[in-house]
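Under our numbering, think of the first position of the first sequence as 1115, with each following residue one higher. This report concerns only the one structure given below.
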Amino acid sequence: MKNYLDKLFEKASLKLEYLKNRKAIFNVPNQKENGDISTNIAMILSKELKKNPRQIAEEIIANLETDSSFIDKTEIAGPGFINFFFKPDFTSNIIKEVLNEKDSFGKSDKYKNIKAMVEFVSANPTGPLTVGHGRNAVVGDTIANMLEWIGYNVDREYYFNNAGRQMRMLGESTKLRYLQLLGQNIDFPEDYYQGEYIKDIAAKLKEEYGDKLVNEPGDGIFKDVSEKEIFADIEKTMNRLNIKFDNYFNENSLYEDGRIKSLLNTFQERKVSYEKEGAVWLKLTDMGQEQDKVIVKSTGEPTYRLPDIAYHITKFERGYDLMVDLFGSDHNATYPDVKAGLRSLGYDDEKVKVVIHQFVTITEKGEIVKMSTRKANFITLDELIDEVGPDVVRYFFNMRGVTSHLNFDIALAKKHSDENPVFYLQYAHARISSILKMTDEQKLNLSTENLNLLVAPEEQDILKKLHAFREEVLYAGENFETHRIANYLEELAALFHKFYAQCRIIGSDKKLAEARIALIVAVQIAIRNGLKILGVTAPEKM
RNA sequence: GCGCCAGUAGCUCAAUUGGAUAGAGCAACAGCCUUCUAAGCUGUAGGUUAAUGGUUCGAGUCCAUUCUGGCGUACCA
């Protein structure tokens, strides 16, 4: 519907100067009396034209070549809204489109063949993924899905660091546990990694090597094996959520191939860095930041900013036109530095989009569980999947805006899992499969011959909703908002359940029945496609 | 102190980016299965959108100030 109106307005802009280079925004009014679609363009224009909005609206309508077989009525309402009422025939046309496009219904090619990368999770291999990582993982993967649906060519990447202080601590932690297993009475310091998984890794090492490793440094085999084991674990967890990365990028490779060094040189040559008190500083104040930041400590060790900038440069060099980074809110102070650094070298940092998601609060029995990987009093993502299943996990993380804190009550999620909205959607999908089985037995076949019979309000509401799907996916993708898809699907499923309660297929006149079959098949396709984007399964039976 | 995010029904969250009468789901109450899946549907109740002021035809949305919560604010990542 919006597409059709877009074209009408485009044509009208040839005649009305002020419509040029201005895209009318259409939306679906809350109240049905205000039409199927409405635009506020006349009111927006009234400011700059200094004319009465209703007058402008009249002028616009007069210049729209509306097809009376599509549009029933156009009216001006309120302060200057233009409301469009569509004919049922036009509305029901969407079914043919859906049936035709099937699995691709909802896709668009606005960003066709543009290279995009979504970088997410990017947790260092120091322990199992937490619920917080889960939100990052699910949202990141879903954003990647959405981008694919609107045309992008998407790569999923995981950036990690297997060097540095954290990893040394990991190796030391494993070594201490190993020595303990060998009977040595050693204190385990509080600031070491406390998790059980460290003991498991230590036990494996003991089993394989006996006491041969007592003189090995923590930084050697202990670190390497720990890293390998933990990474294997992380991948396993990601697999359970059906998340696969195209590439794992090791921060260390930036040192090995000399990128860090040459970046430092470039900064110096361009005079955007300087030395002070034995450290190298980046002149971020020139880039509009509040203060300059250290990129190489006086010890000679770079801070995270340097490799982060170098890493992002590789993204540009690899030809990505859109780079989405997904971080938890604890990183919200770091990315402006990285973007400013890129900018200082002439890269278009507008192409780097940073999505910050707020924390996940876990409550259990009403109490908030504070989480820290090191202290190991966290609930792992794996445990969460064990409790509620991958579909619920994916849906739960996707159903809320990333700017909101997510409250995940474990007990509640278990207790009310039957009433979780994800089941509501899946139920609609399964219900349709079930109906189709029955109608098949009744020798009723899908037909698009008499779609004009679909005039019941329940049917028209569904049809109008279907019209909005493609646009919804586009909007959600452009804004990296996964919850839009979830909201849309809940609304569509609700409309279907209402239809189900009100309109019967078996027992209706054959022509109507067969048109209704076309309708529900279309609904099923839309739900399935939406769930696919969210990474949730669409069961045939429940 | 400063920066980012949030504050909407008893609870968890939406609200097409400034639009028309702020919507769902839980929880509560009252109904609907001899008929395509009751994991469903229908109805009732629930709100000064944290507070105050401002911007305009129009504010939950934008601006200012204040209050509350989360995360930051390193030569940690």
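All C-beta atoms, glycine included, are put in the ideal place defined by N, C-alpha and C.
Q. Going by Cα to Cα distance, which pick from 1379, 1373, 1378 is closest to residue 1431?
A. Taking the first residue of the first sequence as position 1, residue 1431 is located at position 317. From the listed residues 1379, 1373, 1378, the smallest Cα separation to residue 1431 is found for 1373.
Q) Count the other CB atoms within 10 Å of the CB of residue 1528; is the residue buried (16 or more) or exposed (fewer)? A) The count along the first sequence starts at 1 and reaches residue 1528 at position 414. Residue 1528 comes out exposed.
(Q) Taking 8 Å as the threshold (C-beta atoms), are residue 1250 and residue 1471 in contact? (A) Within the first sequence, numbered from 1, the residue matching residue 1471 stands at position 357. Within the first sequence, numbered from 1, the residue matching residue 1250 stands at position 136. Between residue 1471 and residue 1250, the C-beta spacing is below 8 Å.
Q | Three-state secondary structure assigned by DSSP to residue 1414 | A | Numbered from its first residue, the first sequence carries residue 1414 at position 300. Residue 1414: coil per DSSP, three-state reduction.
Q. Whole-angstrom Cβ separation of residue 1469 and residue 1422, contact assumed at under 8 Å?
A. Translated into the one-based positions of the first sequence, residue 1469 becomes position 355. Translated into the one-based positions of the first sequence, residue 1422 becomes position 308. Not confirmed; about 16 Å, so no contact.
**Q.** Residue interval of the alpha helix (DSSP H) (run including residue 1458)
**A.** For the purposes of this step, residue 1458 is taken as residue 344 along the first sequence, with counting starting at 1. Residues 1449-1458.
Q. What residue from 1586, 1573, 1509, 1591 has the CA that sits closest to residue 1612's CA?
A. As a position in the first sequence, residue 1612 is number 498, starting the count at 1. Per the Cα distances, 1573.
Q) Are the stretch 1365-1383 and the stretch 1270-1283 in contact at 8 Å, needing three or more beta carbon pairs? A) Contact between the stretch 1365-1383 and the stretch 1270-1283 is present: 3 or more CB-CB pairs across the two stretches fall below 8 Å.
Q) In chain order, what residues of the same chain lie with their CB nearer than 7 Å to the CB of residue 1569, ignoring the 5 residues before and after it? A) As a working mapping, residue 1569 is identified with position 455 in the first sequence. Cβ-Cβ distances below 7 Å link residue 1569 to 1202 in the same chain, with the five nearest sequence neighbours on each side left out; the list follows chain order.
(Q) I want to know whether the stretch 1323-1341 touches the stretch 1285-1296 - three or more CB-CB distances under 8 Å. (A) Yes, they touch.
Q. What do you reckon, are the CB atoms on residue 1196 and residue 1258 nearer than 8 Å?
A. Stepping through the first sequence from its first residue, residue 1196 is reached at position 82. Stepping through the first sequence from its first residue, residue 1258 is reached at position 144. In this structure, residue 1258 does not lie closer than 8 Å to residue 1196 by Cβ.
(Q) Quick test of the definition: if touching needs 3 or more C-beta pairs under 8 Å, does the stretch 1545-1561 touch the stretch 1628-1637? (A) Yes: at least three Cβ pairs fall under 8 Å.
**Q.** Assigned secondary structure, residue 1369 (DSSP; H/G/I helix, E/B strand, else coil)
**A.** If you number the first sequence from 1, residue 1369 lands on position 255. DSSP places residue 1369 in helix when its eight states are reduced to three.
Q | Whole-angstrom distance between residue 1417 and residue 1391, CA atom to CA atom | A | Along the first sequence, read from residue 1 onward, the residue named residue 1391 stands at position 277. Along the first sequence, read from residue 1 onward, the residue named residue 1417 stands at position 303. Residue 1391 and residue 1417: Cα-Cα distance of roughly 15 Å.
Q | Terminal residues of the alpha helix (DSSP H) in which residue 1646 lies | A | Here the question's residue 1646 lines up with position 532 in the first sequence. Counting along the chain, the alpha helix (DSSP H) containing residue 1646 begins and ends at 1624-1648.
Q. Are the CB atoms of residue 1475 and residue 1520 nearer to each other than 8 Å?
A. Translated into the one-based positions of the first sequence, residue 1475 becomes position 361. Translated into the one-based positions of the first sequence, residue 1520 becomes position 406. The answer is yes: Cβ separation under 8 Å.
Q. The alpha helix (DSSP H) spanning residue 1590 covers which residue range?
A. To locate residue 1590, count along the first sequence from 1; it is residue 476. Its alpha helix (DSSP H) spans residues 1571-1593.
Q. By how many angstroms is the C-alpha of residue 1119 removed from the C-alpha of residue 1548?
A. As a working mapping, residue 1548 is identified with position 434 in the first sequence. As a working mapping, residue 1119 is identified with position 5 in the first sequence. Distance between the alpha carbons of residue 1548 and residue 1119: 37 Å.
(Q) So the candidates are 1433, 1587, 1206, 1358; which of them puts its Cα closest to the Cα of residue 1184? (A) Sequence index remark: in the first sequence, residue 1184 carries index 70 (1-based). Looking from the CA of residue 1184, the closest CA among 1433, 1587, 1206, 1358 belongs to 1206.
Q. Near residue 1653, which residues of its chain fall below 6 Å by C-beta distance, leaving aside the five closest residues on each side in sequence?
A. As a first step, residue 1653 must be located in the first sequence, where it is residue number 539. Excluding five sequence positions before and after residue 1653, the CB atoms of its chain that fall closer than 6 Å to its own CB belong to 1540, 1544, given in chain order.
Q.
What does the alpha-carbon distance come out to for the pair residue 1264 and residue 1587?
A. If you number the first sequence from 1, residue 1264 lands on position 150. If you number the first sequence from 1, residue 1587 lands on position 473. Between residue 1264 and residue 1587, the C-alpha separation is close to 7 Å.
Q: Taking all protein chains shown into account, decide if residue 1302 is buried (16 or more other Cβ within 10 angstroms of its Cβ) or exposed.
A: Taking the first residue of the first sequence as 1, we reach residue 1302 at position 188. Counting Cβ neighbours within 10 Å, residue 1302 comes out exposed, since fewer than 16 surround it.
Q: Rounded to whole angstroms, what's the CA-CA distance from residue 1294 to residue 1328? Just pull it up for me.
A: For the purposes of this step, residue 1294 is taken as the residue at position 180 of the first sequence. For the purposes of this step, residue 1328 is taken as the residue at position 214 of the first sequence. C-alpha separation (whole angstroms): 11 Å.
**Q.** Residue interval of the alpha helix (DSSP H) (run including residue 1212)
**A.** Against the first sequence, residue 1212 aligns to sequence position 98. Following the DSSP letters along the chain, one finds residue 1212 inside the alpha helix (DSSP H) bounded by residues 1208-1215.
**Q.** Neighbourhood of residue 1223 by C-beta, 6 Å cutoff - its chain only, sequence neighbours within 5 removed
**A.** Walking along the first sequence from the start, residue 1223 turns up at place 109. If we look at residue 1223 and ignore the five residues flanking it on each side, its Cβ neighbours are 1265.
Q. Between the stretch 1225-1232 and the stretch 1433-1442, do at least 3 Cβ pairs fall closer than 8 Å?
A. Enough Cβ pairs lie closer than 8 Å, so yes.
Q. Helix or strand or just coil, what does DSSP make of residue 1543?
A. Translated into the one-based positions of the first sequence, residue 1543 becomes position 429. Here residue 1543 sits in helix by DSSP.
Q: Compare the Cα-Cα distances from residue 1554 to each of 1537, 1255, 1579, 1619 and report the closest residue.
A: Within the first sequence, residue 1554 is the residue found at index 440, counting from 1. Ranked by Cα distance from residue 1554, the first of 1537, 1255, 1579, 1619 is 1619.
Q. Residue 1122 and residue 1188: beta carbons closer than 8 Å?
A. Residue 1122 sits at position 8 when you count from the first residue of the first sequence. Residue 1188 sits at position 74 when you count from the first residue of the first sequence. Note that the C-beta distance between residue 1122 and residue 1188 is not below 8 Å.
Q) In terms of alpha-carbon separation, which member of 1477, 1172, 1427, 1495 lies closest to residue 1463? A) Position 349 of the first sequence holds residue 1463. Of the candidates 1477, 1172, 1427, 1495, the residue whose Cα lies closest to the Cα of residue 1463 is 1427.
Q. Using DSSP with H/G/I as helix, E/B as strand and the rest coil, what is residue 1507?
A. Locating residue 1507 in the first sequence gives position 393, counting from the first residue. Looking at residue 1507 - three-state DSSP - the assignment turns out to be helix.
Q | Residue closest to residue 1645, alpha-carbon to alpha-carbon, out of 1158, 1607, 1626 | A | Here residue 1645 refers to the residue found at position 531 when the first sequence is read from its first residue. Closest in alpha carbon position to residue 1645, among 1158, 1607, 1626, is 1607.
Q: Just tell me which of 1174, 1168, 1623, 1142 has its CA closest to the CA of residue 1129.
A: Counting from one through the first sequence, the residue named residue 1129 turns up at place 15. Sorting 1174, 1168, 1623, 1142 by C-alpha distance to the C-alpha of residue 1129 places 1174 at the top.
Q. So, is residue 1256 buried or exposed, given that buried needs 16 or more other C-beta atoms within 10 angstroms?
A. Reading the first sequence from its first residue, position 142 is the one you call residue 1256. Buried, since its Cβ has 16 or more Cβ neighbours within 10 Å.
Q: Report the residue ranges of all beta strand (DSSP E) runs contained in full by the stretch 1161-1216; include only those spanning at least 3 residues, in chain order.
A: Segments of the beta strand (DSSP E) lying fully in the stretch 1161-1216: 1185-1191, 1195-1200.
Q) How many Å lie between residue 1300 and residue 1283 at the Cα? A) Against the first sequence, residue 1300 aligns to sequence position 186. Against the first sequence, residue 1283 aligns to sequence position 169. Distance between the alpha carbons of residue 1300 and residue 1283 is about 16 Å.
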